[in-house]
Amino acid sequence: MTDEQPHLPDLRAADADRERVAERLRDAVAEGRLDMEEFEERLDATYKARTYGELEPITRDLPDVGAKISMVKGPVSQDPDAIDWSERMVSGEPSSKLGFAFWGGFSRKGGWVVGRQFDGIAVWGGGEIDLREARFTERDVEIRCWTVMGGMQVIVPPEMNVLVKGFGFMGGFDDKATGEGTPGSPRVVVKGFALMGGVGVDRKIRRAEKLRLKEERRRERLERREGRHELHSRRREERD
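Numbering (the numbering used here), first residue to last: -14 to 225.
Structure representation (structure tokens):
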């Protein structure tokens, strides 16, 4: 008689496995696929799961975009919020090449697909170009921003390789986001011209990471509360 290996659903899950599922849930909230109530319910189930069989159904109805969940053991980054840039590189056509605003505004954000070049134009209006959740068809990307008595904001994640070299006349073209990113990051060059207006390029953490930090603070508060409750219980027992 030979020993049989346990089926995948029976294998015990590690903390890294639970964290990968939690990250996919955070991405799903950022993409608008889950509301906060669904997110909290699934997140609670994730941290209570003990086996792969309990983890797998939690993301079964979510598409494999962003942080793809694999139930196969493999090397896992020590940083649960690190961007896997290989998963952000896609084939096909960009979802948008131009954003235009005249006495109004435009916005590109979420999991949109960025090509080799994107042009943003704002005339007496405003625009938002958010690359934090974006996917890319090319490793070298050029974002060109043109404003006339308007404003535009380009938002990038802290891990992105960025070079800003625009010019402002009677306005401003902020270049404080220029800097190196993590290995594998696309190289994004932001250029253009601002006339009596402004273009800002800012590094901001992703919504998924904000959610994780919020969860950590909530869990820390619960742990402190439980610790105080346990301490009071011990003291009562000692007095009795």
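Glycine included, C-beta positions come from ideal geometry on N, C-alpha and C.
query, result
"Ignore the nearest five residues each way along the sequence and tell me which others in MET181's own chain have a CB closer than 6 angstroms to its CB.", "MET134, MET155 and GLY156"
"Looking at VAL99 and the ligand NAP, is the gap between the Cβ and the nearest heavy atom below 7 angstroms?", "Inclusion of the ligand NAP in the displayed structure is not the case, the ligand content being empty and no account of it being possible."
"Taking C-beta to C-beta, are VAL186 and VAL126 nearer than 8 angstroms?", "no"
"Helix, strand or coil for SER80, going by three-state DSSP, please let me know.", "coil"
"According to DSSP, is ARG45 part of a helix, a strand, or is it coil?", "coil"
"Suppose you measure from the CA of ALA15 to the CA of VAL75; what does that come to, to the nearest Å?", "19 angstroms"
"In this structure, does DSSP put MET21 in helix, strand or coil?", "helix"
"Just how far apart, CA to CA, sit ASP20 and PRO42?", "18 angstroms"
"Please report the straight-line C-alpha distance between GLY112 and GLY136, rounded to a whole angstrom.", "7 angstroms"
"Thinking C-beta only, is GLY90 closer than 8 angstroms to GLY105?", "no"
"Per DSSP, what kind of secondary structure is THR163 in: helix, strand or coil?", "coil"
"If you follow the beta strand (DSSP E) that SER170 is part of, which residue opens it and which one closes it?", "Per DSSP, SER170 belongs to no beta strand (DSSP E) and is neither H nor E."
"At the level of alpha carbons, what is the spacing between LEU(-4) and ARG101?", "43 angstroms"
"Can you tell me whether VAL61 is helix, strand or coil according to DSSP?", "Its pLDDT being 36, under 50, VAL61 is placed unreliably in this model, and the value from its coordinates should be taken loosely. VAL61: coil per DSSP, three-state reduction."
"Report the residue from ALA30, ILE68 and GLU23 whose alpha carbon sits nearest the alpha carbon of GLY166.", "ILE68"
"What residue range is occupied by the uninterrupted alpha helix (DSSP H) comprising TRP131?", "Here TRP131 belongs to no alpha helix (DSSP H); instead the beta strand (DSSP E) covers 125 to 133."
"Would you identify the three-state DSSP class for GLY136, choosing helix, strand or coil?", "strand"
"List the endpoints of the continuous alpha helix (DSSP H) containing GLU39.", "37 to 40"
"With H, G and I counted as helix, E and B as strand and the rest as coil, what does DSSP make of LEU10?", "helix"
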